[in-house]
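Heads up, the sequence shown is in the working numbering, so the first residue is 0 and it goes up one at a time. Quick reminder that beta carbons are idealized off the backbone N, C-alpha and C, glycines included.
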Amino acid sequence: MRPVRIGVVGVGRFGRLHARTLAGIAEAELVALVVRDPSQRAAIGHELPGVPIWGDLSAALAQSAAEAWVVATQTASHVDLAEQILRAGAAVLVEKPLGLTVAEAQRLAPLVAPDSRNFMVGHILLFAPEFRRLAREAQQRGGLAYVSAERHRPIGVYELFHGESPLRLVMVHDLYLALVLAGGAEPTRMQASLHPRPGGGCDLALARLEWADGLWVALSASYFTPPGMGSDGFDRLEAYGRGWVARMEINPQPLTIWAERAEWPLALAIDDDPAAPSGWLAEELRCFCRVVRGAEPPLGARYEDGLRIMEWLDRLEQSAES
């Protein structure tokens, strides 16, 4: 498979990871960056010399050699940027969520090809080898009866993300995993509860989802962990089948460094060294390249999957308010 010529829009925290990873994987050729901030432009230009940089997507679409793009900007701009890219005839990977609202994200529907072969949602956990193996085990062992997933983040995340609910910011990850473990089926019932935070907002979300085949899923997400546990808190998922149980603990990864304090440098299993990138993001981007070449659909990361998760979040929020 010849390398896919890819551009990246936005080089904030995750956009920079995308760019550095694309620069190193054999399946891709990083041919364009779109960076509006001049200071960011200089910094990324120093890190990735030789990669053309534009300040505007329209100009990059017209002048670059990119046949596919990664959109890693603020959520409010996702739909507009993805629409520009799709109308230009290129494929796009959009970091979740697709947009601010379901109605906004639905604007893209007429532009998305069958099987979502020109559109992929960014969700690196789907490409963690531990989760992929768990999903295969569940399928081979006859399915699941119960899944319990916990995802807890530091207390300071509430302020860092301007009071965003842990339901949308944190639990969303496990909703994607649940969708895959349920074989893409729609839940027959879902209910959520939100724990009030002193001073306003919420700091804990609980959810329960049920499927027609008997699968129950219980999820919890919070802003409860202390600073000593690391910047990404911890995650745990347990899956119960008929006669078997599995446990997945992938955050933090089993690398700890002690200096002035304990550190977990691979909390998300991303090594973005352009010389030899590895981990979840590298596997996601390799999958995107195969999607662009028509080699496989983006399982669990199609446009319709991203839209469904947004709809689930709306339903869960409404159930918590009722």
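In the DSSP assignment, the beta strand (DSSP E) including residue i goes from what residue to what residue?
i      : result
His122 : It is not in any beta strand (DSSP E) - His122 carries neither H nor E in the DSSP assignment.
Phe223 : Trp215 to Thr224
Leu110 : Neither: Leu110 is in no beta strand (DSSP E) and is coded neither H nor E.
Leu32  : Ala27 to Val33
Ile249 : Val244 to Asn250
Glu94  : Ala90 to Glu94
Return the residue from the list the options that minimises the CA-CA distance to residue i.
i      : options                          : result
Arg218 : Arg167, Ala148, Ile52 and Gln190 : The question names Arg, but residue 218 is Leu in the sequence shown. Leu218 has its Cα closest to that of Ala148, out of Arg167, Ala148, Ile52 and Gln190.
Ala281 : Leu125, Ala294 and Glu259        : Leu125
Arg235 : Val146, Gly299 and Leu110        : Val146
Gly155 : Pro225, Arg35 and Phe13          : Pro225
Trp68  : Leu85, Trp311, Ala41 and Tyr222  : Leu85
Trp243 : Ala137, Val179 and Asp212        : Ala137
Ala22  : Gly9, Gly11 and Val50            : Val50
Asp173 : Tyr157, Val216 and Pro195        : Val216
Asp231 : Pro153, Ala58, Leu99 and Ala41   : Pro153
Glu163 : Gly199, Glu103 and Ala177        : Gly199
Ala87  : Ala75, Ser57, Ile308 and Ala294  : Ser57
Thr72  : Glu46, Cys201 and Ala18          : Ala18
Leaving out five residues before and five after residue i in sequence, what residues of the same chain have Cβ atoms less than 7 Å from its Cβ?
i      : result
Leu133 : Ala238, Ala245 and Met247
Ala181 : Trp210 and Leu214
Ser318 : Met189, Gln190 and Ala191
Thr20  : Asp271, Pro276, Leu280, Ala281 and Leu284
His77  : Val70, Val93, Leu97 and Gly98
Thr187 : Glu209, Trp210 and Ala211
Ile24  : Pro276, Ala281, Leu284 and Arg285
Let's see if you can read the secondary structure: which residues bound the alpha helix (DSSP H) around residue i?
i      : result
Leu205 : First-last for Leu205: Cys201 to Glu209, but that is the beta strand (DSSP E), not the alpha helix (DSSP H).
Trp279 : Trp279 to Val291
Leu193 : Premise fails: Leu193 lies in the beta strand (DSSP E), Arg188 to Pro195, not in any alpha helix (DSSP H).
His151 : Taken as a continuous stretch (DSSP letters only), His151 belongs to no alpha helix (DSSP H), being part of the beta strand (DSSP E) at Tyr145 to Pro153.
Gly305 : Tyr302 to Glu320
Arg235 : Element bounds for Arg235: not the alpha helix (DSSP H) but the beta strand (DSSP E), Phe233 to Tyr239.
Glu129 : Pro128 to Gln139
Please state whether the Cβ-Cβ distance between residue i and residue j is less than 7 Å.
i      : j      : result
Arg207 : Glu26  : no
Pro251 : Gly278 : no
Asp114 : Pro273 : no
Val30  : Ile52  : no
Ile43  : Val8   : no
Gly240 : Leu143 : yes
Cys288 : Val3   : yes
His122 : Ala300 : yes
Ala220 : Pro264 : no
Leu193 : Ala184 : no
Val101 : Glu320 : no
Ile5   : Tyr175 : no
For residue i, collect the residues of the same chain with a Cβ closer than 6 Å to its Cβ; drop the 5 residues on either side in sequence, then sort them by chain order.
i      : result
Ala90  : Ala67, Asn117 and Val291
Arg40  : Val34 and Ile52
Tyr157 : Tyr222
Asp313 : none
Gly54  : Arg35
Glu316 : none
Leu306 : Ala104
Glu333 : Look at the range of the chain in this structure, 0 to 321, and you will see that residue 333 is not part of it.
Ala268 : Gln252, Gly278 and Trp279
Skipping 5 residues on each side, what residues in its chain have a beta carbon closer than 8 Å to that of residue i?
i      : result
Glu262 : Gly229, Thr255 and Ile256
Thr74  : Pro96, Gly98 and Leu99
At a Cβ threshold of 7 Å, is residue i touching chain C?
i      : result
Leu306 : No chain C is part of this structure, which consists of one protein chain only.
- Should the stretch 91-110 be called in touch with the stretch 58-65, which here means at least 3 C-beta pairs below 8 Å? no
- Inter-stretch contact (C-beta, 8 Å, three-pair minimum) for the stretch 71-90 and the stretch 101-112: yes
- Message: Would the stretch 155-170 count as touching the stretch 254-264 if we require 3 or more Cβ pairs under 8 Å?
- Response: A contact between stretches requires three or more CB pairs, one per stretch, nearer than 8 Å, and the stretch 155-170 fails this requirement with the stretch 254-264.
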